[in-house]
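The opening position of the sequence shown corresponds to residue 236 in the numbering used here, with each subsequent residue numbered one higher. By construction, the Cβ of each residue, glycine as well, lies at the ideal position given by its N, Cα and C atoms. Data block below; observations after.
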Amino acid sequence: MKTVKQKEIDELFAVIVQLESMEDCRKFLSDLLTETEIREFAERWKVARMLSRGIPYTRIENETGLSSRTIARVHKWLKSGKGGYTMMLKRLKMTETL
Numbered sequence: 236m237k238t239v240k241q242k243e244i245d246e247l248f249a250v251i252v253q254l255e256s257m258e259d260c261r262k263f264l265s266d267l268l269t270e271t272e273i274r275e276f277a278e279r280w281k282v283a284r285m286l287s288r289g290i291p292y293t294r295i296e297n298e299t300g301l302s303s304r305t306i307a308r309v310h311k312w313l314k315s316g317k318g319g320y321t322m323m324l325k326r327l328k329m330t331e332t333l
């Protein structure tokens, strides 16, 4: 398989930002990703939200069934990633207070 070029990745991101509704997002991602991949993304997002609320690893493990390794990986990205988790957590918090 040929390597995906940055231009192609940027085109995908451009398409994603054009999604106008939850239904658009659901349709597009359901065609683009497998059900397992969507669930994995959702699990990571749930872990990020739980970590941001200070929930301990053991409780997250018990509630999600995910390994401490997966939780640690999300924690690492949350603390020292590109800032995407933090950005979206702040946006979510802002909409919850409206």
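* So which of Asn297, Lys311 and Ala283 has the shortest CA-CA distance to valine 327? -> Counting from 1 along the sequence shown, the entry for residue 327 is found at position 92. Before going further, note that residue 327 is leucine rather than valine in the sequence given. For leucine 327, the nearest C-alpha among the options comes from Ala283.
* **Counted within 10 angstroms of its Cβ, other Cβ atoms place valine 309 as buried (16 or more) or exposed** => Taking the first residue of the sequence shown as position 1, residue 309 is located at position 74. Counting the other Cβ atoms within 10 Å of the Cβ of valine 309 gives 16 or more, which makes it buried.
* Do you know offhand how far lysine 242's Cα is from aspartate 259's? -> Start at 1 with the first residue of the sequence shown, and residue 242 comes out as number 7. Start at 1 with the first residue of the sequence shown, and residue 259 comes out as number 24. Each residue's Cα considered, the two are about 23 Å apart.
* Nearest candidate by alpha-carbon position, reference leucine 267, set Glu255, Ala277 and Ile251 -> Taking the first residue of the sequence shown as 1, we reach residue 267 at position 32. Checked all of Glu255, Ala277 and Ile251; the closest Cα to leucine 267 is Ile251.
* To do: Rounded to whole angstroms, what's the CA-CA distance from arginine 288 to arginine 274? Just pull it up for me.
  => As a first step, residue 288 must be located in the sequence shown, where it is residue number 53. As a first step, residue 274 must be located in the sequence shown, where it is residue number 39. Their backbone Cα atoms lie some 21 Å apart in a straight line.
* **In chain order, each alpha helix (DSSP H) run of at least 4 residues that lies wholly inside the segment 287 to 329** => Counting whole runs of 4 or more residues, the segment 287 to 329 contains the alpha helix (DSSP H) stretches 292 to 299 and 303 to 315.
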